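In this note's numbering, the protein residues as written are 24 to 357. Beta carbons: idealized from backbone N, C-alpha and C, even for Gly. It should be emphasised that the depicted structure is a prediction, and the values quoted were computed from it without experimental measurement.
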């Protein structure tokens, strides 16, 4: 099967992968949070600066030593064979909270690059991490990027899903979802029962609940697209879909849920280049099998990296032609 895949006419994408082992590895240099912060006065200058990063690695990871929730993680980001990679990813481990996010850009990469660059710092501006504060942070992200995009005459958009882990010993975790990225989990429950489940709901124009929401706002869906144009129904940016007369059709209102991070469990975050061709259970089973087959000397990061690559390869083999970005997280047995 491997040789058949290599002989196919599909050009294999270049693998971009970063791994982070918060307990053992050396700190990794990063650019994820190099210029996170409040929106600068020179909006057009920032747009140029973000665009200049296209020639560099799309994704970086942050590793900070400390008393953090024990887990391993890795990611891959593969470009579509038809266009430049508009996906981004964030892996950030901090003393206050950790963030794992995949970001799916469309109509250009300014929006996805902005979310990657600013998400962590905007979250850190919130004095407390609650459902309300994370909703406020997402609104801040939308407002600040809207100012930048308006100045740059940019109409790109970005969907994202983020797992936020509170590093206070409680193992509280939040999921922030805005768009059609998704996070799924294989969690160990009581009595060692394993449960496969999605932790977020896709925000697509094809979703009946989203169709109802759009209709209540005076909008319409044609061919499973908002106004016949956009497949995701929630996003950051997409200013051309948020003009007067179209208010509330495409929104940046996130779905947020709170729970406790489970021990000895797998979490997979991915863009729709994966979910359009693979089910939650298929992805989680593949991730678990690959992790078990490839962990080396109990190093879960190796297993996570192998799981990411297996998911990306299987997505391409199933016909995905979109950008593919995936994060796999394995929690410890604390």
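When the distance is taken between beta carbons, is residue 289 closer than 8 Å to residue 307? Yes, the Cβ-Cβ distance between residue 307 and residue 289 is below 8 Å.
From residue 216 to residue 191, what distance separates their C-alpha atoms? Their Cα atoms are separated by approximately 27 Å.
For residue 313, collect the residues of the same chain with a Cβ closer than 6 Å to its Cβ; drop the 5 residues on either side in sequence, then sort them by chain order. Exclusion of the five residues before and after residue 313 leaves 329, 330, 333 as the residues of its chain whose Cβ lies within less than 6 Å of its Cβ.
Examine the Cβ distances between the region 155 to 166 and the region 93 to 112 and report whether three or more of them are shorter than 8 Å. Counting Cβ pairs under 8 Å, fewer than three are found: no touch.
Going by DSSP in three states, residue 190 sits in which element: helix, strand or coil? The answer is coil: DSSP assigns residue 190 none of H, G, I, E or B.
CB-CB length for residue 335 against residue 101, believed under 8 Å: Contact flag correct, Cβ pair sits at about 5 Å.
Residue 303 and residue 174 look like a contact to me (Cβ under 8 Å); what is the Cβ gap, rounded to whole Å? Not a contact, Cβ separation roughly 40 Å.
Looking at residue 186 and residue 355, is the spacing between their C-beta atoms short of 8 Å? For residue 355 and residue 186, no; Cβs fall outside 8 Å.
Just grab the DSSP bridge partners of residue 101 for me. Within the DSSP secondary-structure output, residue 101 pairs in a beta bridge with 347.
Starting from residue 137 and walking both ways along the alpha helix (DSSP H), at which residues does that stretch end? Membership of residue 137 in the alpha helix (DSSP H) is indicated by the continuous run 133 to 147.
Beta-carbon spacing of residue 198, residue 152 below 8 Å: Against a cut-off of 8 Å, the Cβ pair of residue 152 and residue 198 comes out as no contact.
Would you please state the rounded distance, in angstroms, between the beta carbons of residue 126 and residue 208? I believe it to be under 8 Å. Residue 126 to residue 208, Cβ: 19 Å. No contact.
Work out the CA separation of residue 132 and residue 358 for me, nearest whole Å. It is not possible to answer for residue 358, since the shown part of the chain is limited to 24 through 357.
To the nearest whole angstrom, what separates the beta carbons of residue 204 and residue 293, a pair I think is in contact under 8 Å? About 7 Å separates the beta carbon of residue 204 from that of residue 293, a gap short enough to meet the 8 Å contact definition.
Neighbour-count burial assignment, residue 129, 16 or more Cβ in a 10 Å radius: Counting the other Cβ atoms within 10 Å of the Cβ of residue 129 gives 16 or more, which makes it buried.
Counting C-beta neighbours from all protein chains within 10 Å, is the total for residue 116 16 or more, i.e. buried, or is it exposed? Buried, since its Cβ has 16 or more Cβ neighbours within 10 Å.
Hey, out of 172, 119, 250, whose CA is closest to residue 138's CA? For the set 172, 119, 250, the Cα lying nearest the Cα of residue 138 is the one of 172.
Who are the Cβ neighbours of residue 248 in its own chain at under 7 Å, not counting the five residues just before and after it? Listed in chain order, the non-local C-beta contacts of residue 248 below 7 Å within the same chain comprise 228, 254, local neighbours out to five positions each way being set aside.
Coil, strand or helix - residue 251 by DSSP: DSSP, read as helix, strand or coil, puts residue 251 in coil.
How big is the Cα-Cα spacing for residue 347 and residue 237? The alpha-carbon of residue 347 is positioned some 28 Å away from that of residue 237.
Given residue 251, which residues of its chain have a CB within under 6 Å of its CB, disregarding the five upstream and five downstream residues? Apart from the 5 residues on each side of it in sequence, residue 251 sits with its Cβ closer than 6 Å to the Cβ of 245 in its chain, given in chain order.
What are the start and end residues of the beta strand (DSSP E) that includes residue 220? Per DSSP, residue 220 belongs to the beta strand (DSSP E) from 217 to 221.
Cross-strand partners of residue 209 (DSSP beta bridge): The partner list for residue 209 (beta bridge, DSSP) reads 219, 289.
Ends of the alpha helix (DSSP H) at residue 317? 303 to 317 is the span of the alpha helix (DSSP H), which, as asked, contains residue 317.
What span of residues does the beta strand (DSSP E) with residue 129 cover, start to end? It spans 120 to 129 - the beta strand (DSSP E) in which residue 129 sits, taken as one unbroken run.
Any idea if residue 282 is buried or exposed, counting beta-carbon neighbours within 10 angstroms, 16 or more meaning buried? It is exposed - the Cβ of residue 282 has fewer than 16 other Cβ atoms within 10 Å.
Distance between residue 140 and residue 267 (C-alpha atoms, nearest Å): Taking C-alpha positions only, residue 267 is separated from residue 140 by approximately 29 Å.
Buried or exposed for residue 193, going by 16 or more other Cβ atoms inside 10 Å? With fewer than 16 Cβ atoms within 10 Å of its Cβ, residue 193 is classed as exposed.
So, at 6 Å on beta carbons, what are the nonlocal neighbours of residue 298 in its own chain, with the 5 sequence-adjacent residues on each side left out? Setting aside the 5 residues that flank it on each side, residue 298 is surrounded in the same chain by 205, each with a C-beta closer than 6 Å to its C-beta; the list follows chain order.
Close beta carbons around residue 261, own chain, < 6 Å, minus the five adjacent residues each side: Contacts found: 180, 273.
DSSP state of residue 197, grouped into three classes? Assignment of residue 197 by DSSP, reduced to helix, strand and coil, places it in the strand class.
Spatial distance of residue 168 from residue 258 (CA atoms): C-alpha of residue 168 to C-alpha of residue 258: approximately 11 Å in a straight line.
Nearest-angstrom Cα separation, counted from residue 201 out to residue 226: Roughly 7 Å separates the two Cα atoms.
Step through the CB atoms of chain B and report whether any lies within less than 8 Å of the CB of residue 125. Given the protein chain composition of this structure (a single chain), no chain B is represented.
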